[in-house]
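Numbering (UniProt numbering), first residue to last: 1 to 701.
Every residue gets a Cβ at the ideal spot worked out from N, C-alpha and C, and that includes glycine.
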């Protein structure tokens, strides 16, 4: 009996260890593919930024189009924004049966919205725009880092990424209670994208923010960025739900996003930010940055300045004499001399600082009038600008330094190793080690750091000696049963208490073996199956590159390579950092004597994908590899988010590409090209026509 018990124990431990190994492999597949997609997004954006940096517009019309291509969410004047999003002129028809809002909002409005969204009702566009307008007004008065205390409430609840999964938010409110004067919430960014109900989550959160402004706090995440929204679904979701007023709603949301606070401090001891920190993170700088200037953190860090220099050079070239005359006038301007005579005493530092600011502003306005350059946004008195005005000793940071601060706190991840290095996996932010965490905590007298940004199987995870806590609130993020969601509650003692959940009803019915693998070890679990299906699609999308890599190891042209060479070649092409030797049994089913016939293996991959898509294998490979990028490019060109590329949008974009590629094409040639892509001859290019054009080019090659 004793020997039998030992054998059973040994078998069970070995089985559990193998399950854990499979779980970790599955997790790495999901994360590697997710981060590779983020890399593609940043590379694509950098490519467009590079093109725009090196493109000299030949007319003001071209300059206007190019400047707006990647900055549709750029801040605009208050009056212009209100005129564009004039919700008061919209009439709500009598046939509308959804929820109605009146301002100032009351708790009943919030609960009515929750019930309406549970019934799959949609809020009228007038109320959406009105809500966004009021939210923006409120956010503009908030500091960059919110300061809250557990003295005024029993506890503070911190939620991580929701990513458009409304059921998770419903479950959090069901388990923990709705926001109230005694129930404070901090939502730590990434409210949108990936899920199908991102807009509903925003509406609910913004409503509670206005009802309980002292108890609900929203931090900005890396997905509160209109350039990220182009790729991950939020832009498309808004345009599908609000076909008539979707563009106005998107414009307002983009402007609201840039006003979201960057972090939250609880009792001056716990810092909550979305991504992480770096060895250059400066909370004092973050407090003073004018955060609304960074509508998209993905925007090229030097692009705005370089474009500005191009415009100045053009102006100088066109009117050099006027500019030099103006400069001469400015040096001897009696206006400046009289202003200097009016300067207040240095003894009153605040008064002197205001005088300097006013004088500089007047000179900037004068220069603008001289060169006929309009201001993109009037200076508004906000919390951060007020802080800058009242601190005459504050250092002057460059836009590059400010951009780096925001990029790091929104995109960074912790790592177990010491130090701080570039986050090459995501393509943005950095990896920070335990020493960086300890340094920041000591410098600002903090106990620990709460962040989100990474999916964790249990919904939360400690690292860096329990000084960094990752909290993730979107359950079933990769697949039903893949992970739990969680939120954390902090009382006056600041000891974290976790609540875990899975919102999807199907997930509750799955047993442990169904999630991780049933009794026979060879049977693939539901979550594993989803992960390996995504991985096989990724492999198929790189068939040509894989074939070349395999042939490099097949010196004699036998059509066979060792499994060790197979693993090395696959990693050299995909660069996902996966343990390919460990994954091999699920990916390579026919390998005799440790040798693989690689062409047959590639054919099997193609056969599996063709069974779902009845397209020629070569075309399908190209589409699988480039569809996400093509869809993002389509949405970038489709500047008005109409779902179509107009002839004018195509024409201006072609001018940008042709300048980079040194291709000479007349206006008539461009017109012929765009007409050839417009297959149904309706005067616009939809996404299917756009995709079909790439397929036809591939076929002709």
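(request) Just confirm the distance between the C-beta atoms of residue 176 and residue 487, as a whole number of angstroms; I'd bet it's less than 8 Å. (result) 7 Å
(request) Whole angstroms is fine: what's the gap from residue 278's alpha carbon to residue 467's? (result) 15 Å
(message) In this structure, how does DSSP classify residue 305 when only helix, strand and coil are distinguished?
(response) In this prediction, residue 305 has a pLDDT of 43, which is less than 50 and means its spatial position is unreliable; what the coordinates show is noted afterwards. In this structure, residue 305 counts as helix in the three-state DSSP scheme.
(message) Between which residues of its own chain and residue 309 is the CB-CB distance below 6 Å, once the five residues before and five after are set aside?
(response) Because the pLDDT of residue 309 is 45, which lies under 50, any placement of that residue in the model is unreliable, and the number read from its coordinates should be weighed accordingly. Around residue 309: no qualifying Cβ.
(message) Please report the distance separating the alpha-carbon of residue 498 from that of residue 679.
(response) 56 Å
(request) Can you grab the Cα-Cα spacing for the pair residue 135 / residue 184, in whole Å? (result) 18 Å
(request) Kindly indicate the opening and closing residues of the beta strand (DSSP E) around residue 543. (result) Careful: residue 543 lies outside any beta strand (DSSP E), inside the alpha helix (DSSP H) at 543 to 553.
(message) Tell me which residue opens and which closes the beta strand (DSSP E) that residue 500 is part of.
(response) 496 to 501
(message) Would the region 143 to 159 count as touching the region 265 to 284 if we require 3 or more Cβ pairs under 8 Å?
(response) yes
(request) Leaving out five residues on either side along the sequence, give the residues of the same chain with a beta carbon under 6 Å from the beta carbon of residue 535. (result) Contacts found: 29.
(message) Classify residue 686: buried if its beta carbon has 16 or more other beta carbons within 10 angstroms, exposed otherwise.
(response) buried
(request) Check whether the Cβ atoms of residue 527 and residue 590 sit closer than 8 Å, and answer yes or no. (result) no
(message) For residue 689 and residue 658, what's the separation of their Cα atoms in angstroms?
(response) About 21 Å.
(request) Report the rounded CA-to-CA distance for residue 460 versus residue 162, giving the unit in angstroms. (result) When rounded, the distance between both Cα atoms is 14 Å.
(request) Would you mind sorting residue 223 into buried or exposed? The rule is 16 or more other CB atoms within 10 Å of its CB. (result) Burial is judged here by how many other beta carbons sit within 10 angstroms of a residue's own beta carbon; residue 223 has at least 16 and is buried.
(request) Just the C-alpha distance for residue 155 and residue 492, rounded to the nearest angstrom, thanks. (result) 7 Å
(request) Kindly list the residues whose CB is nearer than 6 Å to the CB of residue 85, restricted to its own chain and excluding five residues on each side of it in sequence; keep chain order. (result) 129, 248, 252
(message) Just verifying my parser: in three-state terms, what is the DSSP assignment at residue 103?
(response) Under the three-state reduction of DSSP output, residue 103 falls in the coil class, being neither helix nor strand.
(message) Tell me the rounded alpha-carbon separation between residue 693 and residue 81.
(response) 37 Å
(request) With DSSP collapsed to three states, give me the class of residue 174. (result) helix
(message) Per DSSP, what are the beta-bridge partners of residue 414 in this structure?
(response) 432
(message) On the criterion of 16 or more Cβ atoms from any shown chain inside 10 Å, does residue 11 qualify as buried, or is it exposed?
(response) exposed
(message) Assuming contact is defined by CB atoms lying nearer than 8 Å, are residue 429 and residue 449 in contact in what I supplied?
(response) no
(request) Given a cut-off of 8 Å, decide if residue 606 and residue 540 are closer than it, judged by their beta-carbon atoms. (result) yes
(request) Please determine if the region 631 to 639 and the region 668 to 682 are in contact, where contact requires at least 3 C-beta pairs separated by less than 8 Å. (result) no
(request) Find the nearest neighbour of residue 579 within the set 26, 9, 441, judged by alpha-carbon distance. (result) 26
(request) Taking all protein chains shown into account, decide if residue 726 is buried (16 or more other Cβ within 10 angstroms of its Cβ) or exposed. (result) Missing from the structure shown is residue 726; the chain here goes from 1 to 701 and no further.
(message) Looking at residue 164: is its Cβ nearer than 8 Å to the Cβ of residue 198?
(response) yes
(message) On the criterion of 16 or more Cβ atoms from any shown chain inside 10 Å, does residue 400 qualify as buried, or is it exposed?
(response) exposed
(request) Would you decide whether residue 261 is buried or exposed? Buried here means 16 or more other CB atoms lie within 10 Å of its CB. (result) Buried.
(request) Figure out for me which residue from 431, 196, 572, 551 has the closest Cα to the Cα of residue 166. (result) When only C-alpha atoms are compared, the closest one is 196.
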